Each structure stands twice: as structure tokens, then as C-alpha cells.
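So the structure is just underneath, and the comments pick up after that.
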Amino acid sequence: MKTKFTLALIYGSAREGRFCDTVVDWILVRLPDMVAADIVLVDPADLIAESRIVRAEAESRIARDLARADAFLIVTPEYNHGYTAALKELIDSFYRPWWGKPVAFVSYGGISGGLRAIEQLRQVFAELGAATIRETLSFPHAVERFDETGDVRDPERTIRQLERLAKQLSWWAVTLKAGRETVVLEEVA
30 MKTKFTLALI YGSAREGRFC DTVVDWILVR LPDMVAADIV LVDPADLIAE
80 SRIVRAEAES RIARDLARAD AFLIVTPEYN HGYTAALKEL IDSFYRPWWG
130 KPVAFVSYGG ISGGLRAIEQ LRQVFAELGA ATIRETLSFP HAVERFDETG
180 DVRDPERTIR QLERLAKQLS WWAVTLKAGR ETVVLEEVA
């Protein structure tokens, strides 16, 4: 029996009409069969609110979801050779929940497929005490990789890549969860 964990899937874009929704929707159809996890969605667009009350409610919900997560999967575009301002704000607004937890990435974009954004994010998460996993899934020329129904044009290869990412993320999630339960955070942070 596989050990169950909580996975926070984080949207890396808050733009209206964002392509991120297409990528996340594709992942959400397949990922539940690949991981023994409860998946919670964290969307930085929720932090863009017209009222302070709505924003405060979103911050509270996001803080709770990040804190209970045992692992993170970030789906991010690459904007101007980096990750988005919305994702930066989300990461910087919540310092504590990242420590001692694995982070995986799915990226998309133009020719680099978002890999430059991932390389920057690896540096940020190292500083936050998170463990970024090696496996990634990247969609170069992302708009061309998906058909009009939101399905990937080369599903077999892409599903294999997602499976490798999911296996590696699951191993790290379960292993680091056991470690956090054994060593109290204040003892090492």
C-alpha cells in the first residue's frame, strides 16, 4: 500500500486568459492515477482581489493549503526568461510552508519551454529549504503542443515524462514527510 500525502498543485500564472489552465487541466486528468495524494489547487490569481476582505480570505486559505501540503507541483510559464511576478509574490508571501518539502515543476513557453524559469525557481527554493526534484516536464512551443480540445499532441511520450516526475515526487514527498515527523522543524531551521 502506498503512503498517502497531500500535494499542492500551484498555478504559476495569474493572467486573464492564461494558458496555464490548459496545462493544469491536462495534468489533473492524469496525475490522480499516478500519485497516492490528495491534490489541492493553489492559484495566485486568488490573491488579486478588489477588496481587502476577499484577499484576506484567499491568503488564509492558501496559507492553510500550503501548510498542510507534503509536496508541491508548480506549473509555470516563462515570462522574459524568468518566472512570473504572481508566482514570486505567492512564494515570498508564505515563507514557512516550503521547508523540508519537495517541489516539482511543469513548465511551458516558447523555445525553452519554461526551463529558464525553473532554473531560477530552483535557486529560490534552495534558499527556502525545499528540495527540488530532478525530473521536470517541459512544453516548448506550448500552444502548438496542445490541440483545440486541450489534449497533448504527443500523449505517450508526455505521459511517460509525467509518470517519471510523479514517481520521483511521490518518493521525495513520503521520505521527507517521515523526516519532518521524526525531526522537529525548529531543531534544524
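Take this note's numbering: the final residue in the sequence shown is number 218, and no numbers are missing along the way.
Even for Gly, the Cβ is constructed at its ideal location relative to N, Cα and C.
Keep in mind the model is a prediction, meaning the values are calculated, not measured.
>> Just to confirm, is the Cβ distance from Pro106 to Gly41 under 9 Å?
In response: yes
>> I need the boundaries of the alpha helix (DSSP H) containing Ile147, first residue and last residue.
In response: Leu144 to Glu156
>> Just to confirm the assignment, what range does the alpha helix (DSSP H) spanning Pro184 have?
In response: Pro184 to Thr211
>> Quick test of your reading: Asp75 and Ala87, contact by CB under 8 Å. State the CB separation rounded to the nearest angstrom.
In response: 4 Å
>> Taking 9 Å as the threshold (C-beta atoms), are Ala96 and Leu198 in contact?
In response: no
> For Pro169, which of helix, strand or coil comes out of DSSP?
Replying inline: coil
>> For a minimum of 3 consecutive residues, which ranges assigned as the beta strand (DSSP E) are wholly contained in the segment 87-151?
In response: 100-106 and 131-137
>> According to DSSP, is Ala37 part of a helix, a strand, or is it coil?
In response: strand
> Would you report the Cα separation of Arg84 and Asp72, rounded to the nearest angstrom?
Replying inline: 12 Å
>> Rounding to the nearest angstrom, what Cα-Cα distance links Ala114 and Val181 in this structure?
In response: 27 Å
>> Less than 7 Å between C-beta atoms, sequence neighbours within five positions excluded: which residues of the same chain meet that for Cys49?
In response: Tyr40, Gly41, Ser42, Val104 and Pro106
> Trp201 and Ile162 look like a contact to me (Cβ under 8 Å); what is the Cβ gap, rounded to whole Å?
Replying inline: 6 Å
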